Amino acid sequence: MMFAYSMTYIRVDIPGATSILSLPEMVRLMVFQDYGFLAEVMFIPTFGAPILFLSLCLYVYTALIRGKEYPALRLATRVMVRLKQVMMVDVFFISTLVAYIKLSSVSEVTFGPAFYLMFLLSVMLIRTSVSVPQHWVYFQIERLTGSDAVQTASKDKTCCSRCLYFRNRHERPCGVCGADLYRRRSKSLSISLAFLTAAIILYFPANILPIMISSNPATTEVNTILNGIAYMWNEGDRLIAAVIFSASILVPVLKIAAMSVLIASARFALPAGAKKLSHLYRITEAVGRWSMIDIFVIIILMCSFHTNMARVVPGGAATYFCLVVVLTMLSAYYFDPRLIWDRYASYGILLNETEKYD
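Rendered as structure tokens:
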């Protein structure tokens, strides 16, 4: 991982200027140009979260292998599991391929060693994150402490939404993983709807305002998301236009629509099966981060063209679009899918308790 971040990632040559970029150099350029927010957007999911995730994996599994209870072992495990959704090394790598199509039409592009190491890092991070069975890890931690995580399900027990073990309903926090223990997330629908509403509001300026401004000594070009997609399509770059359309328009719109359906179903029981809606929730939660492709492409173009001969700067829409992605992810995070089953169960004889939590 350290090799991927210390070596040259990409080299871009245009007449009169050359950009030799490593990943830390990209962050430095954005900070230097007073785009600290975008620097954080790149740094956290592509370096901060992965290095912390791998460090916590080493810490937790070293403790399990040695059979010793290290300090804050439960907290380390809980943070490690939650970081899975924050890491976006694979998204950044795909964004580089998309940016390459655009860069290669106006410049000479050469990939450095870090580019190929980034691919290996993406594969290894995906494999590692999939191979972390949190249920088993918490069970092993409980064995180290001499406790028994396994309890029989009953009316007096509540299933923890994080470690999935049944605990005493009055236990605060969960005795296995240390997360908040609740039968249903308090105010789940209200909080999820608030984040979704904010995302819908911000989605309009994200599409209306310029997202990228390109300039050279002869011309200045201002593009919104839709204008940029139309321009690339008309210029023959239909593959990149399709990718940007999917990431910037299709995925956010479908995610907003899906979350609207899920929230409405949890409140009013729309005519759709609870099982299908649960599948919809899991898909929605998984694909949201891929909307960051457009932002990462802009970051790569911005760092590649930062001279007077050719310059790319992000427009105001970039910030709004980042916020839309984050807000939709938070809306999915705070939505408790068990409320869907509660609402559909209310059509039978079972007691419906959904109103207590919305």
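Just so we're aligned, residue 12 is where the sequence shown starts under our numbering, counting upward by one.
Ideal Cβ positions, reconstructed from N, Cα and C, are used throughout, including at glycine.
All values reported here derive from a predicted model rather than from experimental measurement.
The beta-carbon separation of Thr330 and Phe48, rounded to 6 angstroms, stays under the 8 angstroms limit for a contact. Within the segment 166-228, the complete beta strand (DSSP E) runs of at least 3 residues fall at 168-170, 177-179, 223-226. Residues Arg85, Leu86, Arg89 of the same chain have their beta carbon placed closer than 8 angstroms to that of Gly189, with the five preceding and five following residues left out of the count. If you check the CB distance, Ala125 and Phe14 come in under 9 angstroms.
Counting along the chain, Ile310 sits inside the alpha helix (DSSP H) bounded by residues 304-315. Here the alpha carbon of Pro184 sits roughly 12 angstroms from the alpha carbon of Cys170.
From the listed residues Ser106, Pro56, Met91, the smallest Cα separation to Leu250 is found for Ser106. Val187 is a Cβ neighbour of Ile152, given a cutoff of 9 angstroms. The Cβ neighbour count for Trp301, taken over all protein chains shown within 10 Å, is at least 16; the residue is labelled buried. Following the DSSP letters along the chain, one finds Ala268 inside the alpha helix (DSSP H) bounded by residues 262-279.
Contiguous beta strand (DSSP E) elements confined to the segment 99-159 occur at 119-122, taking only those with 3 or more residues. CA-CA distance, Ala229 to Lys286, rounds to 58 angstroms. In the assembly as shown, Ser276 is a buried residue. Its beta-carbon has 16 or more other beta-carbons within 10 Å. One Cα belongs to Tyr70, the other to Val233, and the distance between them is close to 48 angstroms. Taking a 10 Å sphere around the C-beta of Asp347, we find 16 or more other C-beta atoms and assign the residue as buried. The beta-bridge partner set that DSSP reports for Leu32 consists of Ile21. Under a 10 Å Cβ-count criterion, Ala217 is classified as buried, with 16 or more other Cβ atoms of the shown protein chains found around its own Cβ. The C-beta distance from Ala210 to Thr339 rounds to 5 angstroms, short enough to fall under 8 angstroms.
In terms of Cβ geometry, Gly327 and Leu237 do not form a close pair [threshold 9 angstroms].
Using a Cβ distance threshold of 9 angstroms, Ser315 and Ser17 do not count as a contacting pair. Checking the DSSP bridge columns, you'll see Val324 partnered with Ile224. Taking each of Met313, Ala74, Pro325 in turn and checking the Cα distance to Arg154, the smallest one comes out for Ala74. Annotation for Tyr242: Asn234 place their beta carbon closer than 8 angstroms to its own, counting only its chain and skipping 5 residues before and after.
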